[in-house]
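Asker: Be aware that the sequence shown starts at 0, since it is given in numbering that gives the first Met the number 0, and climbs by one per residue.
Just so it is clear, CB atoms sit at the ideal spot from N, CA and C, and this is done for glycine as well.
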Amino acid sequence: MRLNKVKQIWREGKPAVGAWLSIPSGFSAEVMAHTGVDWLCIDMQHGCIDYSDVVPMLTAISTTDVTPFVRVPWNEPSVIMKVLDAGAYGVIVPMVSNKEEAEKAVAACRYPPSGMRSNGPNRALLYGGADYQKHSDKEMACVVMIETVEGIEKMEEIISTPGVDAAYIGPTDLALALGLAPVMDNDDPKHVATVNKMLEICKKHNVVAGIHTGSSKFTQRYIDQGFQMVMLVADRSAMSSYVKAEAARLSGWTPQSKTGTATTSNGY
Ligand code: 3PY
Ligand code: MG
């Protein structure tokens, strides 16, 4: 079976840097897959993406050896199983708030007797290899997001749930849960303390710590701290910020459209 390169990076104690896909396009997924990141995540939660978009995007990522993840819209076993069947090598499950929810996510990623995943790896067999079912429990990454009031309170029971490979912070939902504005790269002391606490608990339980960022400054900060799954940039922000930055360098031209000024700079 094709091995999960990101899991290999984690086992070696190194960081895996990724990027985020919100645009429903096989072509833009392929472009992003050729940027040299370790992993890409197709975002079905907040991206403009449905299952019929996910399949060609996974196919496009397969033109490279970048590891494909999907963030599912919710902790719903049928969706987790379907994206794994389509060839995702890991799922990112939003808003996991306690041990029972973490166990539910893990069970959807593993075949019996370890879990409750149903057999039917249609595209996963083509991508992973003929012996996919034999090894997939070991290769599929189950990543749970910690970003709710209850999840913050119960982070240790979530992180220590057997089968959880990584715990991933959604910084803006985490900020809301802490009573702060939903800012991505967040220096608020309450936010920093919660992020640091999660990292410490992950280290204690030998679970990978992950986090989303909105800039290389914060990606670097979290890598230096010991996070091993860090998201550098999303397709839509890469596109928008590059065009805006290039346009801003021009002289002798007055933009007629005011649209650019409406985009926020807090990561969303
Ligand atoms: C968050 O910031 O809450 C996220 O989930 C990032 O996508
Ligand atoms: Mg979130």
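1. Grouping DSSP H, G and I as helix and E and B as strand, with all else coil, what is K226?
2. From M183 to Y131, what does the alpha carbon distance come to, in whole angstroms?
3. Just reading off the alpha helix (DSSP H) that Y167 is part of, what are its end residues?
4. So who's on the other strand from C40, going by DSSP bridges?
5. Using only CA atoms, which one of I48, P254, P170 lies nearest to I22?
6. Between the beta-carbon of E146 and the beta-carbon of D164, is there less than 7 Å?
7. Using the Cβ count rule (16 or more neighbours within 10 Å means buried), how would you classify A247?
8. Check whether the Cβ atoms of V229 and I222 lie closer than 7 Å to each other.
9. Tell me which residues share the same chain as W252 and place their Cβ nearer than 7 Å to its Cβ, disregarding the 5 neighbours each side in the sequence.
10. Could you check if D172 belongs to the surroundings of the ligand MG, using beta carbon to heavy atom distance under 6 Å?
11. Measuring alpha carbon to alpha carbon, tell me which of A101, Q227, V82 ends up nearest S117.
12. Would you kindly report the start and end of the unbroken alpha helix (DSSP H) that includes A192?
13. Quick one: grab the DSSP three-state call for H134.
14. What residue range does the alpha helix (DSSP H) around V30 cover?
15. With 16 other CB atoms within 10 Å as the buried threshold, where does H204 fall?
16. Identify every residue that forms a DSSP beta bridge with H211.
17. Tell me the DSSP secondary structure of C141 in three-state form.
18. Check whether the Cβ of E146 lies closer than 6 Å to any heavy atom of the ligand 3PY, and answer yes or no.
19. In chain order, what residues of the same chain lie with their CB nearer than 8 Å to the CB of D136, ignoring the 5 residues before and after it?
Answerer: In this structure, then:
1. Taking the sequence shown and counting its residues from 1, one reaches residue 226 at position 227. The residue you asked about is not Lys; residue 226 is Phe in the sequence shown. DSSP places F226 outside both helix and strand once states are collapsed to three, so it counts as coil.
2. As a working note, residue 183 is residue 184 in the sequence shown. As a working note, residue 131 is residue 132 in the sequence shown. Using only the alpha carbons, I get a separation of about 37 Å.
3. One-based indexing of the sequence shown puts residue 167 at position 168. From DSSP, Y167 is part of no alpha helix (DSSP H) but of the beta strand (DSSP E) over 165 to 168.
4. Residue 40 sits at position 41 when you count from the first residue of the sequence shown. According to DSSP, C40 bridges with W19, F68.
5. Residue mapping note: residue 22 aligns to position 23 of the sequence shown, counting from 1. A check of alpha carbon separations from I22 across I48, P254, P170 identifies I48 as the nearest.
6. Mapped onto the sequence shown, residue 146 falls at position 147. Mapped onto the sequence shown, residue 164 falls at position 165. For the 7 Å CB-CB criterion, E146 and D164 do not form a contact.
7. For the purposes of this step, residue 247 is taken as residue 248 along the sequence shown, with counting starting at 1. Only exposed fits A247, as fewer than 16 other CB atoms lie within 10 angstroms of its CB.
8. Reading the sequence shown from its first residue, position 230 is the one you call residue 229. Reading the sequence shown from its first residue, position 223 is the one you call residue 222. Cβ atoms of V229 and I222: closer than 7 Å.
9. For the purposes of this step, residue 252 is taken as residue 253 along the sequence shown, with counting starting at 1. Nothing meets the Cβ criterion.
10. By 1-based counting over the sequence shown, the position of residue 172 is 173. Judged by the Cβ position, D172 qualifies as a neighbour of the ligand MG at the 6 Å threshold, a heavy atom of the ligand being closer than this.
11. Within the sequence shown, the letter at position 118 stands for residue 117. That would be V82, whose Cα lies nearest to the Cα of S117.
12. Numbered from 1 along the sequence shown, position 193 holds the residue referred to as residue 192. A192 -> alpha helix (DSSP H) spans 188 to 203.
13. Sequence index remark: in the sequence shown, residue 134 carries index 135 (1-based). In the three-state DSSP reduction, H134 falls in the helix class (H, G or I).
14. Start at 1 with the first residue of the sequence shown, and residue 30 comes out as number 31. First-last of the alpha helix (DSSP H) with V30: 25 to 32.
15. The count along the sequence shown starts at 1 and reaches residue 204 at position 205. So H204 counts as exposed.
16. Residue 211 sits at position 212 when you count from the first residue of the sequence shown. Answer is M230.
17. Looking up residue 141 in the sequence shown gives position 142. For C141, the secondary structure class from DSSP, reduced to helix, strand or coil, is strand.
18. Residue numbering aside, residue 146 sits at position 147 when the sequence shown is read from its first letter. At least one heavy atom of the ligand 3PY is nearer than 6 Å to the Cβ of E146, so yes.
19. Locating residue 136 in the sequence shown gives position 137, where the first residue counts as 1. The answer, listed in chain order, is C108, R109, Y110, S113, G114.
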